[in-house]
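Student:
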Amino acid sequence: MPSRPPSLIKPKPRKAWAHSKPSPRLRGRAGVADRRSILSDEPLCRTCVKAGRVTAATVVDHIVPLSEGGSDDRSNKQPLCTPCHDAKSKAERAAAQTRGVGRKSRA
Ligand SMILES: [Zn+2]
Numbered sequence: 001m002p003s004r005p006p007s008l009i010k011p012k013p014r015k016a017w018a019h020s021k022p023s024p025r026l027r028g029r030a031g032v033a034d035r036r037s038i039l040s041d042e043p044l045c046r047t048c049v050k051a052g053r054v055t056a057a058t059v060v061d062h063i064v065p066l067s068e069g070g071s072d073d074r075s076n077k078q079p080l081c082t083p084c085h086d087a088k089s090k091a092e093r094a095a096a097q098t099r100g101v102g103r104k105s106r107a
């Protein structure tokens with residue numbers, strides 16, 4: 001019996017909650033504990049401290065974004081306040097768009 005052409009072979013079904021590829025990011029309880037530990041070790045926004053301001057850090061940022069191959073290690077994470085994190089994220093998105101990184105190809 002002839003086998004089906006590749007376009008007609010259905011991909012294996014996966015559970016709705018299963019990711020197609022595992023994320024390097026710590027999720028769930030481990031992620032919460034990790035963020036809490038980083039913010040308690042370094043409670044001030046790193047960018048604000050460099051600029052001579054004292055601002056409480058509220059988010060943990062990936063210095064090199066995961067989307068650009070950054071690791072999820074402690075060494076690649078820094079505490080930031082929300083305005084600094086938003087500014088950094090905005091700059092990263094703009095840089096990624098000019099390079100065409102992070103866009104999903106629909107070819
Ligand atoms: Zn800040």
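According to UniProt numbering, the stretch in the sequence shown is residues 1 to 107, in order.
In this text, a Cβ means the ideal position worked out from N, Cα and C, and glycines have one as well.
Owing to the predicted nature of the structure, the values given are computational and were not obtained by experimental measurement.
(1) Compare the Cα-Cα distances from V64 to each of A57, R74 and T55 and report the closest residue.
(2) Please specify which runs of the beta strand (DSSP E), each continuous and at least 3 residues long, are wholly inside the stretch 59–95, giving them in chain order.
(3) If R36 sits next to D72, beta carbons under 8 Å apart, how far is it from one beta carbon to the other, in whole angstroms?
(4) Taking 7 Å as the cut-off, does the CB of L43 come closer than this to any heavy atom belonging to ligand 1?
(5) Hey, how far is the Cα of P11 from the Cα of R27?
(6) Ligand 2 heavy atoms versus the CB of L39: any closer than 7 Å?
(7) Quick one: is Q97 buried, meaning 16 or more other Cβ sit within 10 Å of its Cβ, or exposed?
(8) Which one or two residues does DSSP pair with A57 in a beta bridge?
(9) What are the boundary residues of the alpha helix (DSSP H) that includes G28?
Tutor: Concretely, from the data shown:
(1) The residue with the shortest Cα to Cα distance from V64 is R74.
(2) Listed in chain order, they are 59–62 and 77–80.
(3) Actually they are not in contact, since the Cβ atoms of R36 and D72 sit about 16 Å apart, beyond 8 Å.
(4) The amino acid occupying residue 43 in the given sequence is Pro; Leu does not appear at that position. Checking every heavy atom of ligand 1 against the Cβ of P43, none is found closer than 7 Å.
(5) Approximately 27 Å between the Cα atoms of the pair.
(6) The model depicted lacks ligand 2 and carries ligand 1 instead.
(7) The residue is exposed, with fewer than 16 neighbouring Cβ atoms inside 10 Å.
(8) None; A57 has no bridge partner.
(9) Run containing G28: G28 to D41, per the alpha helix (DSSP H) assignment.
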